[in-house]
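Chemist: Sequential numbering from 0 applies to the sequence shown in numbering that gives the first Met the number 0.
First, the structure itself, so that you have it in front of you.
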Amino acid sequence: MKKRILLVEDNTEISENIREYLELEDFEVVQAFDGERGIERATREDYDLILLDLMLPEVDGISIARRVALKKDTPVIMITARESLSDRLLGFDVWAVDYLVKPFELSELLARMKVHLWRNCEDRVSESEVFSLWDIEVNLAKHQFIRDGEMIHLTQKEFLIIKYLIEKKDQVIPRGEIIETLWWEDEIFEKSGDNKLDVYISNIRSKLGKTVIKTVKSVGYTLGA
């Protein structure tokens with residue numbers, strides 16, 4: 000069965016070039032040319048992956064990504080001409096799985112898409128279990144953390160960090176391993192510095208509880224007792 004892709008891009012020429020290329024690669028491509036139509040299709044219909052421009056008329060790409068994250072686990076790749084560090088960090092914090100700056104080669108877009116489609120497929124198979132983490136109900140497949148019936152919102156990076164620690168719950172994970180495994184946007188990490196990991200750990204503790212992550216001095220982190 001063909002993978003179904005939503006392409007939200009207001010530049011008609013760019014959108015058509017991407018659509019034609021992906022259809023030759025045996026994808027089904029649904030197009031939206033403004034944010035209003037994009038948010039409607041992204042939240043009401045099912046797709047395997049969403050390609051989302053950041054700057055759109057009516058509703059911007061960040062707002063669409065936030066709405067998608069609340070309703071679905073569809074991977075989102077941001078495609079935009081804006082390449083500042085703050086723009087990229089914002090994109091990742093609203094659950095975009097990747098960020099591609101225009102102009103880009105269509106072959107690179109395809110390669111990135113295949114990686115995230117594969118990851119998402121693997122996640123659906125391996126994260127089906129619902130379990131308890133102290134007083135929190137956890138559903139990794141749906142990216143849900145629920146305490147007393149209330150949803151706890153984690154950013155994409157916060158979720159990936161706690162998920163990684165859950166998967167390796169009986170181990171102490173060195174800082175370098177967490178960074179190397181999860182911080183795929185290497186350029187962002189190099190510019191923001193090592194303290195960025197500390198910020199994410201602190202945010203997770205404030206949301207899930209101070210003891211959820213234990214610091215092992217001079218080594219790294221482990222899931223708390």
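In this text, a Cβ means the ideal position worked out from N, Cα and C, and glycines have one as well.
Quick check on the burial criterion: 16 or more other C-beta atoms within 10 angstroms. Buried or exposed for Val215?
Modeler: The residue is exposed, with fewer than 16 neighbouring Cβ atoms inside 10 Å.
Chemist: Measuring from the CB of Leu139, is there a heavy atom of the ligand NAD at a distance below 7 Å?
Modeler: Judged by which ligands are present, the structure shown has none, so any question about the ligand NAD falls away.
Chemist: Look at the alpha carbon of Val124 and the alpha carbon of Gly208, and state the distance between them as a whole number of angstroms.
Modeler: Unreliable positioning characterises Val124 in this predicted model, as indicated by a pLDDT of 43, which lies under 50. The coordinate reading is nonetheless provided below. One C-alpha to the other measures close to 28 Å.
Chemist: So, under 8 Å CB-CB, Ile78 and Leu99 are touching, yes? Tell me the CB distance rounded to an integer number of Å.
Modeler: Contact flag correct, Cβ pair sits at about 5 Å.
Chemist: If distances are taken between C-alpha atoms only, which option among Ile38, Glu179, Val171, Ser201 comes closest to Val218?
Modeler: Checking every option, the nearest Cα to that of Val218 belongs to Val171.
Chemist: With burial defined as no fewer than 16 other Cβ atoms inside 10 Å of the residue's Cβ, what is the status of Lys156: buried or exposed?
Modeler: The residue in question, Lys156, is buried, as its Cβ has 16 or more Cβ neighbours within 10 Å.
Chemist: Do three or more CB pairs link the segment 10–19 to the segment 53–60 at distances below 8 Å?
Modeler: Contact fails: fewer than three Cβ-Cβ distances are below 8 Å.
Chemist: Mind the definition here: the segment 144–158 touches the segment 197–208 only if three or more C-beta pairs lie below 8 Å; say whether that holds.
Modeler: Contact holds: three or more Cβ-Cβ distances are below 8 Å.
Chemist: Would you say Leu51 and Ala64 are within 8 Å of each other, going by their C-beta atoms?
Modeler: In contact: Leu51 and Ala64 (Cβ atoms closer than 8 Å).
Chemist: Keeping to the same chain, check which residues put their C-beta closer than 7 Å to that of Asp134; ignore five residues upstream and five downstream.
Modeler: The answer, listed in chain order, is Arg146.
Chemist: Using C-beta distances below 8 Å, list every residue in its chain close to Gly192, excluding the 5 sequence neighbours before and after it, in chain order.
Modeler: Caution is warranted here: a pLDDT of 49 is assigned to Gly192, below 50, making its placement in the model unreliable, and the coordinate value is therefore given only provisionally. Hits under 8 Å: none found.
Chemist: Which of helix, strand or coil does DSSP assign to Ala41?
Modeler: DSSP places Ala41 in helix when its eight states are reduced to three.
Chemist: When DSSP labels each residue in this structure, what does Leu6 get in the three-state scheme?
Modeler: It is a strand residue.
Chemist: With 16 as the cutoff for other CB atoms within 10 Å, does Leu23 come out buried or exposed?
Modeler: With fewer than 16 Cβ atoms within 10 Å of its Cβ, Leu23 is classed as exposed.
Chemist: In whole angstroms, give me the CA-to-CA distance for Ser201 and Met0.
Modeler: Cα to Cα, Ser201 sits roughly 43 Å from Met0.
Chemist: Enumerate in chain order the residues of its own chain whose CB-to-CB distance from Glu136 is below 6 Å, with the five nearest sequence positions on each side excluded.
Modeler: Answer for Glu136: Ile145, listed in chain order.
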